[in-house]
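Those protein sequence lines, which keep their order, are chains A and B. Here the working numbering is used: the first sequence runs in plain steps of one and ends on residue 252. Here the working numbering is used: the second sequence runs in plain steps of one and ends on residue 252. Don't be surprised by glycine CBs; every beta carbon is placed ideally from N, CA and C. Before any comments, here is the structure.
There are 2 protein chains.
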Amino acid sequence: MSQPVTAAMLVIGDEILSGRTKDKNIGYAAEYLTNMGIDLKEVRVVSDDLDEIADAVNALRHKYTYVFTSGGIGPTHDDITADGVAQAFGLPCEHHPEALAILREHYAKTDLDFTEARQRMARTPRGATLIENQVSKAPGFKIGNVHVMAGVPKIMQSMMDAIGPTLEGGAKVLSKHIDCPVGEGTIGGPLGEIQKKHSETMIGSYPKFDGRNITTQIVVRGRDEAQVDAAIADVEAMVAGLTG
Amino acid sequence: MSQPVTAAMLVIGDEILSGRTKDKNIGYAAEYLTNMGIDLKEVRVVSDDLDEIADAVNALRHKYTYVFTSGGIGPTHDDITADGVAQAFGLPCEHHPEALAILREHYAKTDLDFTEARQRMARTPRGATLIENQVSKAPGFKIGNVHVMAGVPKIMQSMMDAIGPTLEGGAKVLSKHIDCPVGEGTIGGPLGEIQKKHSETMIGSYPKFDGRNITTQIVVRGRDEAQVDAAIADVEAMVAGLTG
Numbered sequence: 009m010s011q012p013v014t015a016a017m018l019v020i021g022d023e024i025l026s027g028r029t030k031d032k033n034i035g036y037a038a039e040y041l042t043n044m045g046i047d048l049k050e051v052r053v054v055s056d057d058l059d060e061i062a063d064a065v066n067a068l069r070h071k072y073t074y075v076f077t078s079g080g081i082g083p084t085h086d087d088i089t090a091d092g093v094a095q096a097f098g099l100p101c102e103h104h105p106e107a108l109a110i111l112r113e114h115y116a117k118t119d120l121d122f123t124e125a126r127q128r129m130a131r132t133p134r135g136a137t138l139i140e141n142q143v144s145k146a147p148g149f150k151i152g153n154v155h156v157m158a159g160v161p162k163i164m165q166s167m168m169d170a171i172g173p174t175l176e177g178g179a180k181v182l183s184k185h186i187d188c189p190v191g192e193g194t195i196g197g198p199l200g201e202i203q204k205k206h207s208e209t210m211i212g213s214y215p216k217f218d219g220r221n222i223t224t225q226i227v228v229r230g231r232d233e234a235q236v237d238a239a240i241a242d243v244e245a246m247v248a249g250l251t252g
Numbered sequence: 009m010s011q012p013v014t015a016a017m018l019v020i021g022d023e024i025l026s027g028r029t030k031d032k033n034i035g036y037a038a039e040y041l042t043n044m045g046i047d048l049k050e051v052r053v054v055s056d057d058l059d060e061i062a063d064a065v066n067a068l069r070h071k072y073t074y075v076f077t078s079g080g081i082g083p084t085h086d087d088i089t090a091d092g093v094a095q096a097f098g099l100p101c102e103h104h105p106e107a108l109a110i111l112r113e114h115y116a117k118t119d120l121d122f123t124e125a126r127q128r129m130a131r132t133p134r135g136a137t138l139i140e141n142q143v144s145k146a147p148g149f150k151i152g153n154v155h156v157m158a159g160v161p162k163i164m165q166s167m168m169d170a171i172g173p174t175l176e177g178g179a180k181v182l183s184k185h186i187d188c189p190v191g192e193g194t195i196g197g198p199l200g201e202i203q204k205k206h207s208e209t210m211i212g213s214y215p216k217f218d219g220r221n222i223t224t225q226i227v228v229r230g231r232d233e234a235q236v237d238a239a240i241a242d243v244e245a246m247v248a249g250l251t252g
């Protein structure tokens, strides 16, 4: 079996922490990475603060195969993700020639000036490579194992698609589930026994509350289909025993 | 002006990191705390892993006034938040007599057995106080400055309401906004100048992309209404200059 490939996500922005904007990027990235066989192991959300960004990038980039960030790469004074990532790597943050060229060409086609503020969007840590932005052109960038993306969901998703083919995926994690008409409390004991028996799989149970009843979805995840199927068979037998 | 009251949120659960469940608790807590004048400064999401939970709790509880967790307090084998928090505090994790009594009384009224799995939900670090759960009875708990809540959004929200009156709120952060019909690139320069002039306020700008045009919402936040109004007036003058 191949080595697990791991990842962390870092969401940057006061607007998420104030609740003004509800994050949609964590769930999207989680699903995207899982589908590629990459284990998302940790997420952090930090404010638009240089040291907070740099400290989080350094904590995460040494611990996981990949780091993905979203937010803080626009043209305004509070967009300081590039500076924070540069600080984490001990690199200067400067205008990237290729990014400047992309943006200059883009704005030449519009009636908008290529202002100093817009030129901010071409800043990256020295040596970064660019991540294409099909939506609004201003690129993201990659430095080391850190991928820096926009916060606007459609743009972030476009960048994720650009990054995808460059990532080394792990063995895909298979997931199968069974709906169980009773609450977790009824199945917790036997389910723990099944988890012990099938230790190569990860068995989770997720309560669903519809305002009146609590039911449970039982999910078995694993990298080997035969192992997942064996665990699922034991879960099915347990559920049948409860409801039969 | 009173001292800012700060908070961190810790979301616990493999189901969030796999993308199977989309978190709704971060946005809810962010808005709830902001409305109380409490600054949410950081969020982390970690897996159902004892050391990851304990390390995150310890990193956050020493840094912020309050920590709020969601997830991992149900009756199954992978619900180990109480153990992780106990480990962080160096305390034993044991059945809380009051929680046992609440659950025993609850299940006596149902046709469900008070199984060993359900008794797991009464476990807390020694010395914890309980947080009421109006939805499904199994309580959350508070130990030190750490508040441990359920992951199911309706239950988490009920616990947040139970906790609310016990929290010391800071000065409320006021927020006013202006919609600006042009992109951030046009306003980035002058907005940076306005931020410098009104350094007591936090000025954010948030792009909105409707699939065709990018517009901007400019938000001014601060603890003093006169300061917020003064900054808003300068932003309004800037926007009027652009569109007039």
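Report the neighbours of residue i on chain B: residues whose CB is nearer than 8 Å to its CB, in chain order.
i, result
"threonine 123 (chain A)", "Gly193, Thr194, Gly196 and Gly197"
Is residue i close to chain A? Criterion is C-beta to C-beta, closer than 9 Å.
i, result
"histidine 206 (chain B)", "no"
"serine 55 (chain B)", "yes"
"valine 156 (chain B)", "no"
"proline 215 (chain B)", "yes"
"leucine 99 (chain B)", "no"
"aspartate 237 (chain B)", "no"
"tyrosine 74 (chain B)", "no"
Is residue i close to chain B, meaning its C-beta is less than 9 Å from at least one C-beta of that chain?
i, result
"serine 144 (chain A)", "yes"
"proline 83 (chain A)", "yes"
"threonine 174 (chain A)", "no"
"aspartate 47 (chain A)", "yes"
"methionine 9 (chain A)", "Summary for methionine 9 (chain A): the model assigns pLDDT 45, below 50, so the residue's position carries little reliability, and this model does not support an answer."
"glutamate 102 (chain A)", "no"
"glutamate 106 (chain A)", "no"
"alanine 96 (chain A)", "no"
Name, please, each residue of chain B whose Cβ falls closer than 7 Å to the Cβ of residue i.
i, result
"serine 78 (chain A)", "In chain order: nothing, as chain B lies at least about 13 Å away."
Could you name the residues of chain A that residue i contacts, counting a contact when the two beta carbons are closer than 7 Å?
i, result
"glycine 212 (chain B)", "Asp22, Glu23 and Asp86"
Could you pull the start and end residues of the beta strand (DSSP E) that residue i belongs to?
i, result
"lysine 150 (chain A)", "148 to 151"
"alanine 15 (chain A)", "13 to 20"
"phenylalanine 76 (chain A)", "74 to 78"
"lysine 49 (chain B)", "46 to 54"
"glycine 200 (chain B)", "Segment 192 to 205 is the alpha helix (DSSP H) holding glycine 200 (chain B); no beta strand (DSSP E) there."
"methionine 157 (chain A)", "154 to 157"
"serine 183 (chain A)", "182 to 188"
"threonine 137 (chain B)", "137 to 139"
"arginine 131 (chain B)", "131 to 133"
Run through chain A and tell me which residues come within less than 9 Å of residue i, C-beta to C-beta.
i, result
"glutamine 203 (chain B)", "Thr84, His85 and Asp86"
"arginine 52 (chain B)", "Glu50, Val51, Arg52 and Val53"
Give the residues of chain A in contact with residue i, contact being defined as C-beta atoms less than 8 Å apart.
i, result
"glycine 200 (chain B)", "Thr84, His85 and Ala125"
"valine 65 (chain B)", "Residues of chain A passing the Cβ test: none, with the nearest at roughly 14 Å."
"valine 93 (chain B)", "Correct list: empty, because the minimum Cβ distance to chain A is about 18 Å."
With respect to the alpha helix (DSSP H) encompassing residue i, which residues constitute its N-terminal and C-terminal limits?
i, result
"histidine 114 (chain B)", "105 to 116"
"aspartate 226 (chain A)", "According to the sequence as given, residue 226 (chain A) is isoleucine; it is not aspartate. First-last for isoleucine 226 (chain A): 222 to 230, but that is the beta strand (DSSP E), not the alpha helix (DSSP H)."
"arginine 128 (chain A)", "124 to 128"
"proline 161 (chain B)", "161 to 171"
"threonine 29 (chain B)", "Taken as a continuous stretch (DSSP letters only), threonine 29 (chain B) belongs to no alpha helix (DSSP H), as it is neither H nor E."
"isoleucine 240 (chain B)", "233 to 251"
"aspartate 91 (chain B)", "89 to 97"
"isoleucine 61 (chain B)", "58 to 69"
"threonine 42 (chain B)", "33 to 43"
Near-chain A residues of the stretch 14 to 41 of chain B (beta-carbon distance less than 9 Å), N- to C-terminal order = Met17, Val19, Gly21, Asp22, Glu23, Ile24, Leu25, Ser26, Gly27, Arg28, Thr29, Lys30, Asp31, Lys32, Ile34, Gly35, Tyr36, Ala37, Ala38, Glu39, Tyr40 and Leu41
Taking any Cβ of chain B, which residues in the stretch 239 to 250 of chain A have a Cβ under 8 Å from it, in chain order?
-> none
Closer than 7 Å, Cβ to any Cβ of chain A: which residues of the stretch 108 to 140 of chain B, in chain order?
-> Leu120, Thr123, Glu124, Ala125, Arg126 and Arg128
Of all the residues that make up the stretch 219 to 235 of chain B, which are near chain A by a beta-carbon distance shorter than 8 Å?
-> Gly219, Ile222, Val227 and Arg229
Determine which residues of the stretch 160 to 189 of chain A have a Cβ less than 8 Å from any Cβ of chain B, and write them out in chain order.
-> Val160, Lys162, Ile163, Val181 and Ser183
With contact counted as at least three CB pairs below 8 Å, one residue from each stretch, are the stretch 192 to 199 of chain B and the stretch 139 to 153 of chain B in contact?
-> no
contact_flag[the stretch 231 to 247 of chain B, the stretch 205 to 214 of chain B] where n(CB pairs < 8 Å) is 3 or more = yes
Touching by the beta-carbon criterion (3+ pairs, under 8 Å), the stretch 100 to 109 of chain A and the stretch 174 to 188 of chain B | no
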